[in-house]
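Student: Questions regarding the structure given below will be posed in turn.
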Amino acid sequence: MAIRAALLLLRATPPQFSLKKRTFPKQALIFKQNNRNFAAKSSLEPPDVQRLAETARITLTPHEVEEFAPKIRQVIDWFGQLQAVDLQNVEPAIRADNEDETLREDLPEIFGNRDSMLAAVPSYEDSYIKVPKVLNKE
Amino acid sequence: MLYCTRKNIRAQTASQEKPQAQLKVSIQTESRKHDEILKNYETIIGIETHVQLSTLTKAFCSCPYNYGAQPNTSVCPICMGLPGALPVLNTNVIEYAVKVGIALNCKLSLSSKFDRKQYFYPDLPKGYQISQFDVPIASGGYLDVDIPIEFGGGHRRFGITRVHMEEDAGKLLHTGNGSFSQVDLNRAGVPLLEIVSEPDMRTGIEAAEYAAELQRLVRYLGVSNGNMQEGSLRCDVNISIRPIGQLEFGTKVEIKNLNSFSSMSRAIDFEISRQALLHSQGQADQIVQETRLWEEGAQKTVTMRKKEGLADYRYFPEPDLPGVSLTEEYVDGIRDSLPELPEMKRRRYEGMGLSMQDVLFLTNDNNVAEFFDATIAEGADVKLAANWIMGDIAAYMKNEKLSINEIKLNSHELVDLISSIKGGTISGKIGKEILFELMAKGGTVKGLIKEKNLVQIADPVEIEKMVDKVLADNPKQLEQYRGGKTKLQGYFAGQIMKESKGKANPALLNKILLEKLNAKS
Chain A
1 MAIRAALLLL
11 RATPPQFSLK
21 KRTFPKQALI
31 FKQNNRNFAA
41 KSSLEPPDVQ
51 RLAETARITL
61 TPHEVEEFAP
71 KIRQVIDWFG
81 QLQAVDLQNV
91 EPAIRADNED
101 ETLREDLPEI
111 FGNRDSMLAA
121 VPSYEDSYIK
131 VPKVLNKE
Chain B
1 MLYCTRKNIR
11 AQTASQEKPQ
21 AQLKVSIQTE
31 SRKHDEILKN
41 YETIIGIETH
51 VQLSTLTKAF
61 CSCPYNYGAQ
71 PNTSVCPICM
81 GLPGALPVLN
91 TNVIEYAVKV
101 GIALNCKLSL
111 SSKFDRKQYF
121 YPDLPKGYQI
131 SQFDVPIASG
141 GYLDVDIPIE
151 FGGGHRRFGI
161 TRVHMEEDAG
171 KLLHTGNGSF
181 SQVDLNRAGV
191 PLLEIVSEPD
201 MRTGIEAAEY
211 AAELQRLVRY
221 LGVSNGNMQE
231 GSLRCDVNIS
241 IRPIGQLEFG
251 TKVEIKNLNS
261 FSSMSRAIDF
271 EISRQALLHS
281 QGQADQIVQE
291 TRLWEEGAQK
301 TVTMRKKEGL
311 ADYRYFPEPD
321 LPGVSLTEEY
331 VDGIRDSLPE
341 LPEMKRRRYE
351 GMGLSMQDVL
361 FLTNDNNVAE
371 FFDATIAEGA
381 DVKLAANWIM
391 GDIAAYMKNE
401 KLSINEIKLN
411 SHELVDLISS
421 IKGGTISGKI
431 GKEILFELMA
441 KGGTVKGLIK
451 EKNLVQIADP
461 VEIEKMVDKV
471 LADNPKQLEQ
481 YRGGKTKLQG
491 YFAGQIMKES
501 KGKANPALLN
511 KILLEKLNAK
521 S
């Protein structure tokens, strides 16, 4: 569970690790822009692992918090390095990718293996998925 | 404020009646006091609308969506959020979003993207909703609305803050008293447009009319069925009041569970009263930022949940989907293909000399407007065509619960009917009879006239024969008439009309009858 939790916390970052050289500076610009808002600070805020875990609905032991904090801190520091990139002559982009848009035609298709998918639902009754009663969002 | 004006009229009418019971007097005083309180406050209303797009498949997978289908039948690994499944955007979602963006006079983002909005709830299988956050596909537009005469009339323009694409969540049912809820994921992943208005509305009526216009707009565009009962059009209202003259806004309350325009209007009026009362009693601090539910049975709003600060959705760009880019050519192509929208249609009909009441009726339903347009395109008189559609045809549709496309009458036959009456072939009364036959069974005006031998009798000789017969059959009444009881003319006219089976030309009939009646006196 804890390993999954760490992955989840890092989920926001994968594009940065697999960036193609060509697209690198564009993405970096966003961080540069953000940086302007924190002009007074020399580095990014250290992570509040306990709060991050709460928002991800994950329970961490104090030991785990201690263990993850430096690792997450390290990731954040990598972003700190990106802020050093000179972006004076780079056009802003809202996405890191340069992929061509892949779109799908609006043609219905029924998924063939539905029964085995529903059979894997932990609690399924009378055509409904059964979940603990929840009445309030957030 | 419109609301106050309407209330005052009601109060005035009440005061003109002699109060019959002490109770009535006290209610009246209460309501006047209430109106006095309301006068001191200004209401600010903004509306967030979710429009379910009528695409055949979901936003990011090929599952078909049909309202009312067996639960959990239209699901696949993508909309069930199974690991490894990747979303692929439905091309029609972009097209519909662009249509709505243009129709709402928005600025389009040629380059936008999807973001993840994360929260935990059982109807959201992935643990996040694919939505658009900081770069919506359209923003900064407006919607023009005509307020019906009975609510004070007038034209309003309400600002549109933004339009963005997102996916719907599943349906959560809290049936029975068990400790569990049931989830149906058929709706999970169905495409929605979220349309956010500027805080430009001031009354329940304005809010309801804004929503009604949005419904008309999406129906005209063919991007949604706009059905509120089925949840294809869902409005959440944000409302705050402030003492007149105060610059800063009051505390904002959100109202949900509004499934008709009238409940929307009533919920807002209730909420205005509730908040004004708290203000006037010095308890403004009791108005807290919260979500309230409209209870239709009790006709009041109740607390659903209090907001504890801004929810942290930890938005970030959706890594599983590429950005959304539009070209100018694509946008122009869609702009050129848009149908005539409700506002343009209203202005055009107004220009044809129709009253605002006629205009609002005819443009309310796109199909009715198309029927009307087809009728006048064939040369029918504008006012006559409007009267037939708004009168007998509308009444029939209402009684039989049919839409204009479901009745058997087509626009061509209505044109024929109108001209047959105008040209004197049939009388207006027979025209009505034929109309009902045409609506129920179909057929043609010419065919029915021939089949039923309904052509108006306009031959003086033939009418004279009938007049003679009726006069001969009623010697007593004839004598009375000639004795001065001239009112009997109507009796004779009725008898002759009956004799002709309603087909005699009324003007000619009366002319000949009068000649005969007064001839031998």
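Same order as they appear, the protein sequences are chains A and B.
Take the first sequence: its letter number 133 is residue 133 in full-length UniProt numbering, and every next letter is one higher.
Take the second sequence: its letter number 280 is residue 280 in full-length UniProt numbering, and every next letter is one higher.
Ideal Cβ positions, reconstructed from N, Cα and C, are used throughout, including at glycine.
Owing to the predicted nature of the structure, the values given are computational and were not obtained by experimental measurement.
Can you tell me where the alpha helix (DSSP H) with residue 50 of chain B in it begins and where it stops?
Tutor: First-last for residue 50 of chain B: 41 to 52, but that is the beta strand (DSSP E), not the alpha helix (DSSP H).
Student: Using a C-beta to C-beta distance shorter than 8 Å, which residues of chain A count as neighbours of residue 157 of chain B?
Tutor: The premise fails here: residue 157 of chain B is roughly 30 Å from chain A at the closest Cβ pair, so nothing lies under 8 Å.
Student: Are the C-beta of residue 67 of chain B and some C-beta of chain A separated by less than 8 Å?
Tutor: So, not an interface residue.
Student: Please report the distance separating the alpha-carbon of residue 181 of chain B from that of residue 121 of chain A.
Tutor: Computed Cα separation, rounded: 15 Å.
Student: Closest Cβ-Cβ distance between residue 330 of chain B and chain A: below 8 Å?
Tutor: Answer no: the Cβ-Cβ gap between residue 330 of chain B and chain A never drops below 8 Å.
Student: Using a Cβ-Cβ distance under 8 Å, would residue 106 of chain B count as near chain A?
Tutor: Cβ-Cβ to chain A under 8 Å: no for residue 106 of chain B.
Student: Within 10 Å of its beta-carbon, does residue 275 of chain B have 16 or more other beta-carbons around it, so buried, or fewer, so exposed?
Tutor: Per the 10 Å Cβ criterion, buried.
Student: Excluding the 5 residues flanking residue 284 of chain B on each side, which residues of the same chain have their C-beta closer than 7 Å to its C-beta?
Tutor: For residue 284 of chain B, where only same-chain residues beyond five positions count, the Cβ hits under 7 Å are 278.
Student: Please list, in chain order, the residues of the segment 318 to 349 of chain B that have any C-beta partner in chain A closer than 8 Å.
Tutor: Within the segment 318 to 349 of chain B, the qualifying residues are 319, 322, 323, 324 and 325.
Student: Cβ closer than 7 Å: which chain A residues qualify as neighbours of residue 55 of chain B?
Tutor: Those are 106, listed as they occur along chain A.
Student: Within this structure, are the beta carbons of residue 220 of chain B and residue 342 of chain B separated by less than 8 Å?
Tutor: Cβ distance < 8 Å, so residue 220 of chain B and residue 342 of chain B count as in contact.
Student: Along chain A, which residues have their Cβ under 9 Å away from the Cβ of residue 184 of chain B?
Tutor: Here the neighbours are 127, 128 and 129.
Student: Check residue 199 of chain B in the structure and name its three-state DSSP category.
Tutor: Three-state DSSP puts residue 199 of chain B in coil, outside helix and strand.
Student: Which residue marks the beginning of the alpha helix (DSSP H) containing residue 514 of chain B, and which one marks its end?
Tutor: Unbroken alpha helix (DSSP H) run through residue 514 of chain B: 506 to 519.
Student: Count the other C-beta atoms from every protein chain shown that fall within 10 angstroms of the C-beta of residue 22 of chain A, then say buried if there are 16 or more, exposed otherwise.
Tutor: Reliability fails at residue 22 of chain A, whose pLDDT of 36 lies under 50, so the model's placement of it is uncertain and no value is given.
Student: Can you list the residues of chain A that residue 70 of chain B reaches, using a CB-CB cut of under 9 Å?
Tutor: Correct list: 127.
Student: If you reduce the DSSP assignment to three classes, tell me which class residue 141 of chain B lands in.
Tutor: It is a strand residue.
Student: Alpha carbon to alpha carbon, how far is residue 252 of chain B from residue 138 of chain B? Give it in angstroms, no decimals.
Tutor: Straight-line Cα distance between these residues: approximately 25 Å.
Student: Over what stretch of residues does the beta strand (DSSP E) that includes residue 131 of chain A continue unbroken?
Tutor: Residues 128 to 132.
Student: Determine whether the Cβ of residue 134 of chain A lies closer than 8 Å to any Cβ atom of chain B.
Tutor: Yes - at least one Cβ of chain B is within 8 Å of the one on residue 134 of chain A.
Student: Which class does residue 240 of chain B belong to by DSSP, given the choice of helix, strand or coil?
Tutor: In this structure, residue 240 of chain B counts as strand in the three-state DSSP scheme.
Student: Tell me whether residue 153 of chain B sits in a helix, a strand or coil according to DSSP, three-state version.
Tutor: Residue 153 of chain B falls in the coil class under three-state DSSP.
Student: If you follow the beta strand (DSSP E) that residue 522 of chain B is part of, which residue opens it and which one closes it?
Tutor: Beyond the ends of chain B as shown, which are 1 and 521, falls residue 522 of chain B; an answer cannot be given.
Student: Would you grab the beta carbon distance between residue 228 of chain B and residue 191 of chain B for me? Rounded to a whole angstrom, and I think it's under 8 Å.
Tutor: Not really, about 18 Å apart at Cβ, beyond 8 Å.
Student: If you check the beta carbons only, do residue 430 of chain B and residue 201 of chain B fall under 8 Å apart?
Tutor: No. Outside cutoff.
Student: Since residue 255 of chain B is in the beta strand (DSSP E), which residue starts that stretch and which ends it?
Tutor: Here the beta strand (DSSP E) through residue 255 of chain B covers 253 to 258.
Student: Using the rule of at least 16 other Cβ atoms within 10 Å of the residue's Cβ for burial, across every protein chain shown, is residue 264 of chain B buried or exposed?
Tutor: Result: buried.
Student: Once DSSP output is grouped into helix, strand and coil, what is the label at residue 118 of chain A?
Tutor: Of the three classes helix, strand and coil, the one that applies to residue 118 of chain A here is helix, per DSSP.
Student: Short of 8 Å Cβ to Cβ, which residues in the segment 71 to 97 of chain B face chain A?
Tutor: From the segment 71 to 97 of chain B, only 71, 72, 73, 74, 75, 76, 77, 80, 82, 88, 89, 90, 91, 92 and 94 have a Cβ closer than 8 Å to chain A.
Student: Kindly list, in the order they appear in chain A, the residues whose Cβ is closer than 7 Å to that of residue 63 of chain B.
Tutor: Residues of chain A passing the Cβ test: 111.
Student: Hey, how far is the Cα of residue 40 of chain B from the Cα of residue 269 of chain B?
Tutor: Cα to Cα, residue 40 of chain B sits roughly 15 Å from residue 269 of chain B.
Student: Residues of the segment 115 to 141 of chain B with a CB closer than 7 Å to any CB of chain A: list them in chain order, please.
Tutor: Answer set for the segment 115 to 141 of chain B: 119, 120, 121, 122 and 135.
Student: Taking residue 113 of chain A as the reference, which of B:287, B:72 and B:413 has the closest Cα?
Tutor: Residue B:72 is the option with its Cα nearest to residue 113 of chain A.
Student: Rounded to whole angstroms, what is the Cα-Cα separation between residue 108 of chain A and residue 56 of chain B?
Tutor: If I take the Cα positions, the gap works out to 6 Å.
Student: Can you give the beta carbon distance from residue 49 of chain B to residue 326 of chain B, rounded, assuming they're within the 8 Å contact cut?
Tutor: Residue 49 of chain B to residue 326 of chain B, Cβ: 22 Å. No contact.
Student: How big is the Cα-Cα spacing for residue 344 of chain B and residue 144 of chain B?
Tutor: Near 10 Å, if we compare the C-alpha coordinates of residue 144 of chain B and residue 344 of chain B.
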